[in-house]
Amino acid sequence: MNCPKCHHEDTKVTDTRMSSDGMIIRRRRECIRCAFRFSTMEEPAILELTVIKRDGRREPYGREKLVAGLRKAFERRPITSEELQRTVAAIERDIQLLRKPEVRSTEIGDLVLRHLRKADEVAYVRFASVYESFNDLRSFREVLDALERRKSPRTRTARRRAADA
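Written out as structure tokens, the structure reads:
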């Protein structure tokens with residue numbers, strides 16, 4: 502691994518740690534020449550996956566697009582870069598579990614929403630607003646109401662009675 506500061510080819514690993522889910526390995530490295538310290542992350546890559554877009558176009562899977570979409574959803578939210586990477590890894594693991602060479606972008610979007618719902622409600626609503634192409638305030642309200650219903654300890658019957666009243 503080349504040093505990012507002086508571009509020397511020889512670096513040594515000073516520490517190696519695995520993420521809690523076992524999907525990412527973080528290595529602390531030090532340059533032999535200039536003693537600059539830096540970190541690298543190793544994780545499995547999804548190869549040979551084609552994404553079928555809504556309009557029928559096909560394109561190779563790009564992790565960068567997933568990360569960019571999640572960064573936008575998590576913007577100004579209390580999430581660490583490690584939590585973001587864990588979310589990306591979990592979504593990619595679910596994509597791999599589909600065991601298909603071609604995956605519809607809507608399937609990926611649904612997986613993202615499922616993980617965001619658990620991670621951060623604000624990020625979930627942000628992503629859903631773009632993914633579902635919200636056109637008006639009613640669309641936002643429906644998603645917010647659905648989130649509130651899921652959090653509510655009331656039973657389905659109690660919710661129905663409240664709606665009928």
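Just so you know, my numbering puts 511 at position 10 of the sequence shown, and the rest follows in order with no gaps. A virtual CB, placed ideally from N, CA and C, is assigned to each residue, including glycine.
* With a CB to CB cut of under 7 Å and the five nearest residues on each side skipped, what residues in its chain are close to GLN597? -> Only residues of its own chain outside the window of five on either side were considered, and among them ILE547 have a CB closer than 7 Å to the CB of GLN597, listed in chain order.
* Which residue comes first and which comes last in the alpha helix (DSSP H) that contains ARG600? -> Here ARG600 belongs to no alpha helix (DSSP H), and DSSP marks it neither H nor E.
* To do: Drop a sphere of 10 angstroms on the beta-carbon of ILE592, count the other beta-carbons inside from all chains shown, and report buried for 16 or more, exposed for fewer.
  => Burial call: buried.
* Is GLY570 near the ligand GTP, going by C-beta to nearest heavy atom under 7 Å? -> With respect to small molecules bound, the structure shown includes none, and the ligand GTP cannot be examined in it.
* Short check: CB of ARG466 to CB of VAL552, under 8 Å? -> Look at the range of the chain in this structure, 502 to 666, and you will see that residue 466 is not part of it.
* Rounded to the nearest angstrom, how far is the Cβ of GLY570 from that of VAL613, given a contact under 8 Å? -> Your pair GLY570 and VAL613 checks out as a contact, with CB atoms roughly 7 Å apart and the cut at 8 Å.
* Asked: Among LEU585, ASP611 and VAL626, which one has its Cα closest to the Cα of MET667?
  -> With the chain covering 502 to 666 only, the question about residue 667 has no answer from this structure.
* To which residues does DSSP link LYS513 through a beta bridge? -> Assignment of beta-bridge partners to LYS513 by DSSP yields GLU531.
* Using the C-alpha atoms, what's the distance from HIS508 back to LYS573? -> In a straight line, the C-alpha of LYS573 is about 32 Å away from that of HIS508.
* Beta-carbon separation (whole angstroms), SER634 vs PHE641, contact threshold 8 Å -> Taking the Cβ atoms as the reference, SER634 lies roughly 12 Å from PHE641, outside the contact range of under 8 Å.
* Based on the DSSP output, what are the partners of ARG641 in its beta bridges? -> The question names Arg, yet the displayed sequence has Phe at residue 641. None; PHE641 has no bridge partner.
* Work out the CA separation of VAL589 and SER582 for me, nearest whole Å. => One C-alpha to the other measures close to 10 Å.
* Exposed unless 16 or more other CB atoms sit within 10 angstroms - verdict on CYS532 -> By the neighbour-count rule (16 or more Cβ atoms within 10 Å), CYS532 is buried.
* Cβ-based burial, GLU535 [other Cβ within 10 Å; buried from 16] -> Position check: residue 535 holds Cys in this sequence, whereas Glu was assumed. Answer is exposed; the Cβ neighbour count stays below 16.
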